[in-house]
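Below is one structure, written out as structure tokens; the observations come after it.
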Amino acid sequence: MSWSTITIIALLSATILCRAASLQVVDINGRRSDVARRSTNGVDVTVFTPAQFTFYDVGLGACGQRNVASDFVVALNIAQYGPKVSSPDCFKSITLSWGGKTTIATIVDECPSCPDLGLDLSQGLFEFFAPLSAGLLSDGEWWFND
Numbered sequence: 000m001s002w003s004t005i006t007i008i009a010l011l012s013a014t015i016l017c018r019a020a021s022l023q024v025v026d027i028n029g030r031r032s033d034v035a036r037r038s039t040n041g042v043d044v045t046v047f048t049p050a051q052f053t054f055y056d057v058g059l060g061a062c063g064q065r066n067v068a069s070d071f072v073v074a075l076n077i078a079q080y081g082p083k084v085s086s087p088d089c090f091k092s093i094t095l096s097w098g099g100k101t102t103i104a105t106i107v108d109e110c111p112s113c114p115d116l117g118l119d120l121s122q123g124l125f126e127f128f129a130p131l132s133a134g135l136l137s138d139g140e141w142w143f144n145d
């Protein structure tokens, strides 16, 4: 095999590996979202970005637990929550990041009005990132902790 053939194969392999590290998802409405693979403490995680964060009045969530506004909890978009009464993602721990701030929250509800990758945050959690008057936080990111 010639050096040029080996070089071409090596470049193609590197390109394929780089593309596999960042996948692009197209939802049924034709919107594109990046779902990136990131290594955290030697463990690969899927990072959902760009995510839209809004807030809602918590109470009895779809996962069957009652919460208060100060709890760091979220409602998961319906595309990821799924059609079940109680999602397999109920009570999973996630990490959220926006505007240089990062924190941990728990999935306790579903959000039928959230876009794909989007989350509805408790008021206390939203205020960790920005005042409620902001209403909407764009370009956030989040990932499952387990």
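Going by numbering that gives the first Met the number 0, the sequence shown opens with residue 0, and the numbers climb by one from there.
The beta-carbon is built from N, C-alpha and C at its ideal position, and this holds for glycine as well.
Remember, it's a predicted structure, so these values are computed and weren't measured experimentally.
Three-state secondary structure (DSSP) of residue i
i, result
"leucine 131", "helix"
"glutamine 64", "coil"
"phenylalanine 71", "coil"
"arginine 90", "Looking at the sequence shown, residue 90 is not arginine but phenylalanine. Three-state result, phenylalanine 90: coil."
"phenylalanine 125", "helix"
Expected contact under 8 Å - CB spacing of residue i and residue j to nearest Å
i, j, result
"lysine 100", "phenylalanine 127", "7 Å"
"alanine 78", "aspartate 115", "5 Å"
Residue i and residue j closer than 8 Å at C-beta
i, j, result
"leucine 131", "phenylalanine 71", "no"
"glycine 139", "serine 92", "no"
"glycine 107", "asparagine 76", "The sequence as given places valine at residue 107; glycine does not occur at that position. It is not a contact, given that the beta carbons lie outside the stated cut-off."
"glycine 98", "alanine 129", "yes"
"leucine 120", "phenylalanine 54", "yes"
"glycine 60", "alanine 74", "yes"
"glutamate 109", "serine 137", "no"
"cysteine 89", "cysteine 113", "no"
"threonine 94", "tryptophan 141", "yes"
Enclosing beta strand (DSSP E) for residue i [first to last residue]
i, result
"serine 137", "136 to 143"
Worksheet item: Enumerated in chain order, which unbroken segments of the beta strand (DSSP E) with a length of 3 residues or greater are wholly contained in the region 96 to 122?
Response: 100 to 110 and 118 to 121
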